[in-house]
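Visitor:
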Amino acid sequence: MIPILLDLPGPDAYNVGIVAELLGAFEQAVLLAVWKLANDAYGRGILRGIQSALDREVAAGAVYATLDRLEQKNLIASRLEEGTPVRGGRVRRYYRVTAAGVKALNESKAALEQMWRGATWPLESKV
Amino acid sequence: MAAGVEGMTRQSPPRWLERGLIFVLSRRDRETVAGDLLEEYREEQAPRLGALRANLWYLRQSISFISIRSTGGPPMRAALTWISLMTAATGIWLAVMENLLKHAGYGGRTALAVSIALEALATVAFLVLNGGSVFRMVILAGAAGMGALGISAITRNVTGPHFEGFVLIAGSLFIVQALMTFAVVLRRRYRGAV
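Line by line, the protein sequences give chains P and G. Following the numbering used here, the numbering of the first sequence begins with 368 at its first residue and continues without gaps. Following the numbering used here, the numbering of the second sequence begins with 88 at its first residue and continues without gaps.
#1: Whole angstroms is fine: what's the gap from Tyr409 (chain P)'s alpha carbon to Glu394 (chain P)'s?
#2: Do you know offhand how far Ser445 (chain P)'s Cα is from Gly416 (chain P)'s?
#3: Under 8 Å between the Cβ atoms of Ala392 (chain P) and Leu124 (chain G)?
#4: Would a C-beta distance cut-off of 8 Å place Val469 (chain P) and Ile443 (chain P) closer than the cut-off?
#5: For my contact list, Leu398 (chain P) and Leu447 (chain P) are in at a C-beta cut-off of 8 Å; report their separation, rounded to the angstrom.
#6: Among P:Ser419, P:Ser492 and P:Gly450, which has the Cα closest to the Cα of Tyr461 (chain P)?
#7: Closer than 8 Å, Cβ to any Cβ of chain G: which residues of the region 402-427 of chain P, in chain order?
#8: Please compile the residues from chain G whose C-beta is within a distance smaller than 7 Å of the C-beta of Tyr431 (chain P).
#9: Are the C-beta atoms of Ser171 (chain G) and some chain P residue less than 8 Å apart?
#10: What does the alpha-carbon distance come out to for the pair Gly159 (chain G) and Ala165 (chain G)?
#11: Leaving out five residues before and five after Ile170 (chain G) in sequence, what residues of the same chain have Cβ atoms less than 8 Å from its Cβ?
#12: Where Gln98 (chain G) and Arg129 (chain G) are concerned, what is the direct C-alpha to C-alpha distance, given to the nearest angstrom?
#13: In whole angstroms, give me the CA-to-CA distance for Asn142 (chain G) and Glu206 (chain G).
#14: Mind checking Trp103 (chain G): buried by the 16 CB within 10 Å criterion, or exposed?
Below is the structure:
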């Protein structure tokens with residue numbers, strides 16, 4: 368009703384639903400790091416994996432907040448395992464990418480490639 | 088020799104830093120995240136950077152959790168966290184300077200400066216921990232005092248014989264923090280937790 372009143376196209380016109388479900392860039396980086404590490408994906412390894420992939424220092428708070436968010440979306444799952452002496456015996460939380468997480472990663476990659484289709488990289492200014 | 092090697096491999100951040108990290112973590116993450124950062128500190132940061140820079144790395148990581156946990160809400164709440172941290176730093180700086188210069192009456196002014204820092208840190212703790220009603224009243228009372236102090240400092244600075252730029256800046260900071268604390272805390276009170 369409101370789009371008609373305001374003479375705006377409805378949500379379907381832009382396929383908003385699909386775009387909204389895409390992962391953010393940092394979420395993709397975290398999810399990919401978990402996928403690459405497979406059975407070794409716990410906090411420290413993930414943090415180092417992302418720093419290596421992005422080639423910069425990353426705040427641990429941002430990584431753990433993203434892991435929490437991805438777990439709430441059921442894109443990853445976690446389990447606890449015993450700690451080692453070097454970490455003061457504190458338990459480790461290991462993560463794994465769920466089937467829904469793999470699907471989300473594949474869809475994000477496909478959507479990005481589709482967006483870039485027809486554009487030559489690196490882009491040149493048209494101004 | 089063996090004890091020396093053991094000491095190097097078991098190098099740890101200062102206890103207060105570890106406690107600070109655990110304080111800002113959610114109950115679910117306390118053990119796992121603190122363990123991850125300790126492991127990274129011992130195996131990578133301390134051997135590569137040395138104790139001082141490794142401690143700074145650990146502090147930066149801890150602050151990133153304060154930022155994430157307290158900025159999960161509206162922008163005003165995030166801004167208040169950072170302003171409170173600036174106010175706390177100002178209070179600590181004032182206390183240190185008073186004790187270095189030791190002008191007449193510095194004891195009372197040091198106590199006031201420490202109170203400012205504690206009030207500001209309590210505000211950060213309130214935001215991070217989503218404090219209850221008693222904590223809220225304490226924070227509001229502190230904010231009222233902070234605002235009054237800011238107004239008084241600026242008034243005396245402007246009307247007094249010597250104008251000091253830092254007093255104007257610090258006084259303004261206190262007033263801004265007081266106003267924002269009232270806005271954020273009372274908003275939480277009437278609209279529920281943010």
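Ideal Cβ placement from N, Cα and C applies to all residues, glycine included. Here the structure is a predicted model, which is why all the values come from computation and not from measurement.
Guide: So, to answer that:
#1: Within the first sequence, the letter at position 42 stands for residue 409 (chain P). Within the first sequence, the letter at position 27 stands for residue 394 (chain P). Roughly 16 Å between the two C-alpha positions.
#2: Working through the first sequence from its first residue, we reach residue 445 (chain P) at position 78. Working through the first sequence from its first residue, we reach residue 416 (chain P) at position 49. Taking the straight line from one Cα to the other gives about 18 Å.
#3: As a position in the first sequence, residue 392 (chain P) is number 25, starting the count at 1. As a position in the second sequence, residue 124 (chain G) is number 37, starting the count at 1. It is not a contact, given that the beta carbons lie outside the stated cut-off.
#4: For this step, residue 469 (chain P) is matched to residue 102 along the first sequence. For this step, residue 443 (chain P) is matched to residue 76 along the first sequence. Taking 8 Å as the Cβ cut-off, Val469 (chain P) and Ile443 (chain P) do not qualify as a contacting pair.
#5: Residue numbering aside, residue 398 (chain P) sits at position 31 when the first sequence is read from its first letter. Residue numbering aside, residue 447 (chain P) sits at position 80 when the first sequence is read from its first letter. Not quite, the Cβ-Cβ distance comes to about 20 Å (not below 8 Å), so this is no contact.
#6: Taking the first sequence and counting its residues from 1, one reaches residue 461 (chain P) at position 94. Looking at the Cα atoms, P:Gly450 is the closest of the given residues.
#7: Tyr409, Gly410, Arg411, Leu414, Arg415, Ala426 and Ala427
#8: Walking along the first sequence from the start, residue 431 (chain P) turns up at place 64. Here the neighbours are Asp116 and Val120.
#9: Translated into positions along the second sequence, residue 171 (chain G) becomes position 84. Answer no: the Cβ-Cβ gap between Ser171 (chain G) and chain P never drops below 8 Å.
#10: To locate residue 159 (chain G), count along the second sequence from 1; it is residue 72. To locate residue 165 (chain G), count along the second sequence from 1; it is residue 78. With a pLDDT of 48 at Gly159 (chain G), under the threshold of 50, the modelled position of that residue is not reliable, and the figure given next carries that caveat. Distance between the alpha carbons of Gly159 (chain G) and Ala165 (chain G): 8 Å.
#11: Translated into the one-based positions of the second sequence, residue 170 (chain G) becomes position 83. Only Leu260, Val263, Gln264 and Met267 meet the Cβ criterion.
#12: Counting from 1 along the second sequence, the entry for residue 98 (chain G) is found at position 11. Counting from 1 along the second sequence, the entry for residue 129 (chain G) is found at position 42. Looking at the two C-alpha atoms, the distance is approximately 6 Å.
#13: Translated into positions along the second sequence, residue 142 (chain G) becomes position 55. Translated into positions along the second sequence, residue 206 (chain G) becomes position 119. Taking the straight line from one Cα to the other gives about 25 Å.
#14: In the second sequence, residue 103 (chain G) corresponds to position 16, counting from 1. The residue is exposed, with fewer than 16 neighbouring Cβ atoms inside 10 Å.
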